[in-house]
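Input: a single structure, listed below in structure tokens.
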Ligand SMILES: C[S@@+](CC[C@H](N)C(=O)[O-])C[C@H]1O[C@@H](n2cnc3c(N)ncnc32)[C@H](O)[C@@H]1O
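Residue numbers (my numbering): 14 to 290.
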């Protein structure tokens, strides 16, 4: 079964998606939208995009279908230690100073936010670096908040189970320390060990929400390869919220094709894709 989506219908979805997620789909993404939403139409036994739009906006009072639709739209490409220079900078420059300052202030709390964490490879990479750099990690109060808009990727992330071919970027020593072979039907997979998993809290959070529900501030924030889907205004608003939620001298890491250039911000440029409050 194939269905067409006309320009008017595409415009309706374009606006709905922008308003609910900040994701800015240009008209070149019409076919992409169509192919990604076909599955939802089939599942709901609907025969046109117009009916599907009505279903989401008028009939489904639970809001569940909106979440499922956004799940289909988001691009979740990620991998362990993606953009490895960030992880080197973290272990060689950020963590030594951060840990030293915390020790001096007799503080044990480390708070990290991984925004747009997709299927978990990014927060788990951060947690491996932390565990490698901190001598007695259990003596510290470490929490990595890992958030995403998509419930589908969050479910996968919190399972912490990965097929062998997803582990390519992980050095052997880390693989041995932080993973264990799956058993029974997961015997071709590797699982993140519990002590590492316990450092991370996975939550659904929409980065375009006006207010984020955080009390304290973060020592550093990773938000990589998410803002590329947003327009300039949404990016600028988000960057100022990141600034607010970072501790003084805290770092913001963004994706390789992203930049704060041309954005009004108080962040100090450290090196490409790394900024400091
Ligand atoms: C390409 S992935 C990036 C994953 C990871 N940060 C990395 O760089 O490997 C982009 C992620 O951003 C999430 N995303 C898109 N719009 C979002 C929004 N408004 N709020 C929160 N997450 C969003 C998507 O669901 C997706 O998982």
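Note that CB positions come from ideal geometry on N, CA and C, so glycine has one too. Bear in mind that the values here come from a model prediction, so they are computed numbers and not experimental data.
(request) With DSSP collapsed to three states, give me the class of residue 111. (result) helix
(request) Give me the Cα-Cα distance between residue 60 and residue 43, rounded to the nearest whole angstrom. (result) 18 angstroms
(request) Just mark residue 39 as buried or exposed, buried being the case when its beta carbon has 16 or more other beta carbons within 10 Å. (result) Residue environment analysis places residue 39 among the exposed positions, since fewer than 16 neighbouring C-beta atoms fall within 10 angstroms of its C-beta.
(message) Just to confirm the assignment: which complete alpha helix (DSSP H) runs, minimum length 4, are found wholly within the stretch 185 to 220?
(response) Whole alpha helix (DSSP H) segments, 4+ residues: 185 to 191, 207 to 210.
(message) With a threshold of 8 angstroms on Cβ separation, who are the neighbours of residue 199 within its own chain once the five nearest residues in sequence on each side are excluded?
(response) 174
(request) Pull up the DSSP beta-bridge partners for residue 281, would you. (result) 289
(message) With three or more C-beta pairs closer than 8 angstroms as the rule, is the stretch 164 to 173 touching the stretch 233 to 245?
(response) no
(request) Please report the Cβ distance between residue 93 and residue 180, rounded to the nearest whole angstrom; I am assuming they are in contact, meaning their Cβ atoms lie under 8 angstroms. (result) For a cut-off of 8 angstroms, the C-beta gap from residue 93 to residue 180 is around 6 angstroms, short enough to register as a contact.
(message) Less than 8 angstroms between the C-beta atoms of residue 259 and residue 215, yes or no?
(response) no
(message) Taking contact to mean 3 or more Cβ pairs, one atom from each stretch, closer than 8 angstroms, check whether the stretch 245 to 254 and the stretch 268 to 279 are in contact.
(response) yes
(message) Is the beta carbon of residue 34 closer than 8 angstroms to that of residue 188?
(response) no
(request) Please go through the same chain and pick out, in chain order, the residues whose beta-carbon is closer than 7 angstroms to the beta-carbon of residue 103, but skip the five residues on each side of it. (result) 142
(message) Between the stretch 142 to 161 and the stretch 108 to 125, can you find at least three pairs of beta-carbon atoms closer than 8 angstroms?
(response) The stretch 108 to 125 vs the stretch 142 to 161: in contact.
(request) Just the C-alpha distance for residue 262 and residue 114, rounded to the nearest angstrom, thanks. (result) 11 angstroms
(request) Let me know the secondary structure DSSP gives residue 160 once reduced to three states. (result) strand
(request) Mind checking which residues open and close the beta strand (DSSP E) that includes residue 266? (result) 259 to 267
(request) Keeping to the same chain, check which residues put their C-beta closer than 8 angstroms to that of residue 73; ignore five residues upstream and five downstream. (result) Apart from the 5 residues on each side of it in sequence, residue 73 sits with its Cβ closer than 8 angstroms to the Cβ of 79 in its chain, given in chain order.
(request) Assign residue 9 to buried or exposed, taking buried as 16 or more other Cβ atoms, counted over all protein chains shown, within 10 Å of its Cβ. (result) No statement about residue 9 is possible, as the shown extent of the chain runs from 14 to 290 and does not include it.
(message) Among 227, 221, 269, whose alpha-carbon lies nearest the alpha-carbon of residue 246?
(response) 221
(request) May I ask you to list the residues that DSSP assigns as paired with residue 247? (result) None; residue 247 has no bridge partner.
(request) Counting only the same chain and skipping the five closest in sequence on each side, list residues whose C-beta sits under 6 angstroms from that of residue 224. (result) none
(message) Using a Cβ-Cβ cutoff of less than 7 angstroms, which residues in the same chain neighbour residue 47 once the five nearest sequence positions on both sides are dropped?
(response) The beta carbon of residue 47 lies closer than 7 angstroms to those of 18 in the same chain, with the five residues before and after it left out.
(message) What residue range does the alpha helix (DSSP H) around residue 145 cover?
(response) 134 to 146
(request) May I ask you to report which of helix, strand or coil DSSP gives residue 85? (result) Residue state, collapsed to three classes: helix.
(request) Compute the minimum distance between the beta carbon of residue 36 and the heavy atoms of ligand 1, and state whether it is under 7 angstroms. (result) yes
(message) Please return the same chain residues whose Cβ sits closer than 6 angstroms to the Cβ of residue 191, not counting the five positions on each side in sequence.
(response) 141, 206, 209
(request) Output the distance between the C-alpha atoms of residue 88 and residue 105, rounded to the nearest integer angstrom. (result) Straight-line Cα distance between these residues: approximately 31 angstroms.
(message) Please list the terminal residues of the continuous alpha helix (DSSP H) segment that includes residue 20.
(response) 20 to 34
(request) Please find out if some non-hydrogen atom of ligand 1 comes closer than 7 angstroms to the beta-carbon of residue 85. (result) no
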